[in-house]
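So for the sequence shown, the working numbering puts the first residue at 18; every next one is plus one.
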Amino acid sequence: MITGVFCNRPSGAVGGGYQTRWFEAGNGIGLDHCLSYWAPAGVRRAALMMSAEVDSAAMGQTLLKYGMIDDAGPWHRLDKTALEADLKRFGASMGCDMHQVRGDGQSLADVPVLANGKSPQVFWR
Numbered sequence: 018m019i020t021g022v023f024c025n026r027p028s029g030a031v032g033g034g035y036q037t038r039w040f041e042a043g044n045g046i047g048l049d050h051c052l053s054y055w056a057p058a059g060v061r062r063a064a065l066m067m068s069a070e071v072d073s074a075a076m077g078q079t080l081l082k083y084g085m086i087d088d089a090g091p092w093h094r095l096d097k098t099a100l101e102a103d104l105k106r107f108g109a110s111m112g113c114d115m116h117q118v119r120g121d122g123q124s125l126a127d128v129p130v131l132a133n134g135k136s137p138q139v140f141w142r
């Protein structure tokens, strides 16, 4: 049995593979196709609320390679405009700006929740 482990953190693929063996879920395939990582302003450690931008096309090819899907189909990567719109909606649901982060240990505790005091923004690194 092959089990896919979707990773939303830079170190998630390795840990996920081991976890599948611990729970006797077969061999774990780390599906680490993250292109960038995002966290809301004000969080003391990015890992507490981290989100990832996924390379959908690469993910589809990996799922196809391991027989987890029958057809990779037209899985497309979001362009920067679409990604920013999604991040703004996500930030709006939490009432804060979204920041691109380097890793899960990064702190945004000293960053204002809403830099402009009005509406969520997206800050690229």
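Don't be surprised by glycine CBs; every beta carbon is placed ideally from N, CA and C.
By the CB criterion at 8 Å, Leu104 and Met115 fall inside the cutoff.
When rounded, the separation of the alpha-carbon atoms in Ser53 and Leu80 is 20 Å.
For Gln117, there is no enclosing alpha helix (DSSP H); the enclosing beta strand (DSSP E) covers residues 115-118. Contact fails between the region 89-108 and the region 118-127, because fewer than three Cβ pairs, one in each stretch, are under 8 Å apart. When the beta-carbon positions are compared, Val60 and Ala109 stay at least 8 Å from each other. Taken through DSSP and simplified to helix, strand or coil, Leu131 comes out as coil. Between Ser73 and Arg94, the CB-CB gap stays under 8 Å. Taking every protein chain shown into account, the CB of Trp55 has 16 or more other CB atoms within 10 angstroms, so this residue is buried. DSSP, reduced to helix, strand and coil, places Ser110 within a helical segment of the structure shown. For Leu100, same chain residues with a beta-carbon under 7 Å away, outside a window of 5 residues either side, are Glu70 in chain order.
Selection Gly47, Leu65, Ser136 evaluated against Ala75 yields Gly47 as nearest (Cα-Cα).
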